[in-house]
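Residues 214 to 590 in the working numbering are what the sequence shown lists, from first letter to last.
Glycine is no exception: its CB is placed at the ideal position from the N, C-alpha and C atoms.
Computed from a prediction, not measured in an experiment: that's the story for all the values here.
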Amino acid sequence: MPPSVLVVGGGIIGCATAHALAKGGCRVTVLERDTPGGEASGAAAGLLAPLGESREPGPFQRLAVESWRLYPQVVAELGAATGMDVEHMTAGTLYPLFGHAEVEAARDRTTWPVAQEFGVALLEGAAVREREPALDAGIEAALLVAGDHWVNNERLVAAYAQAAAACGVVIRSGIEVSEILVEGSRARGVVAGGARIGADAVLLAAGAWSGHFSLPRGPGVPGDALPVGPVRGQILSVSNSPPLLGHAVHGRSVYLAPRPSGECLVGATVEHVGFVREVTDEALEHLIDEAVALVPAIGERSLLRSWCGFRPWAPDGLPILGPWPGVEGLFVATAHFRNGILLAPITAALVSECVLTGRVPALLLPFLPDRFISASA
Ligand SMILES: Cc1cc2nc3c(=O)[nH]c(=O)nc-3n(C[C@H](O)[C@H](O)[C@H](O)COP(=O)(O)OP(=O)(O)OC[C@H]3O[C@@H](n4cnc5c(N)ncnc54)[C@H](O)[C@@H]3O)c2cc1C
């Protein structure tokens, strides 16, 4: 009998990993409190930019680059399984640079080991506007990462959910998990909607809410909560018809993601304000001002919509992935912070490998939950 797995949370991490587990032969049920993709995964901008988010080459960049490499095949596979167009764009990102120090730091990035694979180039003077005429005339230098891509993340998470369902995953919406059941040193299932649901394994992928669960560490050992909480991001979109930009643009505090389906996203604030679901005038004003400073034509476009989401965040800013120590059959995949869309394919591949084989792939070692447990013990 193939193992049964309960996935707590139907965001992109839960749906992508459920899909991978079902392909590996597991019987999988996703338990989602609301709607799949209804939280951070639907709220994101969908930029897939591993170099922009890494200050230096290291374990995080390796994880992000591996996920970036998986994207073309993931998009093709999901398209074939669902017929959905997830608006996968591969036109690259421009990072405008201000001042000597930023230009020199960018020059250093052109020597990173992956620079050639990503088409990293420093543009100076006239080359900047030759590449992207919509940029403000005062921008005298920019780093081009030609290999960056982006997706329509709302469609992507829907595609993952549909592809998972087509592989036999049961997706239950509108059911809240209140407890993860551990007996002895084994996960046995969850309590959801007031009823016990049994399974051979449980994967906690509840995004910014993952810290709400008490996770036992074996017989007689009190439970720990993951140190995961929300970082609010406010974001808006303006009309992208006719198209404003040929690239994504990433400034100091805002980025622009033009979508072929007619909107250009302008994101996003990074706020430690708890679960306050509110879009503020101040934030919208800030986003628009900063966007206009980068691309003046934004100021002539109508505002289409604005929204916010809660990024799952751990104190070191890194994802928490892999087996929960001391409890067989309990796994976590959360805290992807600003990169959960980018990291979904590699998370699904590595975490499903842990569940299916019992082994932890080397790429996952720096992201195990143990790093927080040893710190608190
Ligand atoms: C404004 C903004 C812009 C972003 N831009 C980007 C970007 O450009 N690129 C990128 O890679 N990342 C981006 N991110 C980050 C990315 O969105 C997240 O890292 C990612 O979506 C996290 O996915 P998740 O599945 O862990 O969480 P979520 O999508 O939040 O999913 C968790 C799910 O768990 C469910 N849940 C919670 N508690 C329970 C419970 N008790 N029972 C059942 N279900 C439960 C929730 O309802 C939710 O659907 C952005 C985020 C925001 C907010």
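- Selection Thr570, Leu556, Phe580 evaluated against Tyr284 yields Leu556 as nearest (Cα-Cα).
- Taking C-beta atoms under 8 angstroms as the contact rule, Ala405 and Val390 qualify, at a distance of about 5 angstroms.
- The way I'd put it, the segment 487-495 does touch the segment 435-454; three or more beta-carbon pairs between them come closer than 8 angstroms.
- By the criterion of a C-beta distance shorter than 8 angstroms, Leu260 is surrounded in its chain by Thr306, Asp361, Trp363, Ala461, His463, Tyr468, Ala470, Ile554, Leu555, once the five residues flanking it on both sides are discounted.
- Close CB contacts of Ala481 within its chain, under the 6 angstroms cut and outside five residues either way in sequence, are with Gly446, Ile448 (chain order).
- Ligand 1 has a heavy atom closer than 7 angstroms to the beta-carbon of Ala257.
- CA-CA distance, Val434 to Glu495, rounds to 46 angstroms.
- The Cβ-Cβ distance between Leu500 and Cys477 does not fall below 8 angstroms.
- The three-state reading of DSSP puts Ile554 in helix, counting H, G and I together.
- For the set Pro558, Pro579, Ala575, Cys567, the Cα lying nearest the Cα of Ala289 is the one of Pro558.
- Scanning Glu541, Ala419, Gly351 for the CA closest to the CA of Ala340 turns up Gly351.
- Judged by pairs of C-beta atoms under 8 angstroms, the segment 522-533 touches the segment 567-582, as three or more such pairs exist.
- Counted as a single uninterrupted DSSP element, the beta strand (DSSP E) harbouring Ser386 occupies residues 383-386.
- At least 8 angstroms separates the beta-carbon of Ala418 from that of Leu428.
- When rounded, the separation of the alpha-carbon atoms in Leu244 and Pro525 is 18 angstroms.
- The beta carbon of Arg518 sits closer than 6 angstroms to the beta carbons of Ser450 from its chain, once the five residues preceding and following it are set aside; these are given in chain order.
- The residue from Ala355, Val370, Val278 with its alpha-carbon nearest to that of Phe331 is Val278.
- The beta carbon of Ala412 sits closer than 7 angstroms to the beta carbons of Ser217, Val218, Leu219, Gly402 from its chain, once the five residues preceding and following it are set aside; these are given in chain order.
- For a cut-off of 8 angstroms, the C-beta gap from Ala546 to Leu416 is around 6 angstroms, short enough to register as a contact.
- At a cut-off of 4 residues, the continuous stretches assigned as alpha helix (DSSP H) that sit fully inside the segment 272-326 are 272-295, 313-322.
- When only Cα atoms are considered, Ile384 and Val441 end up about 24 angstroms apart.
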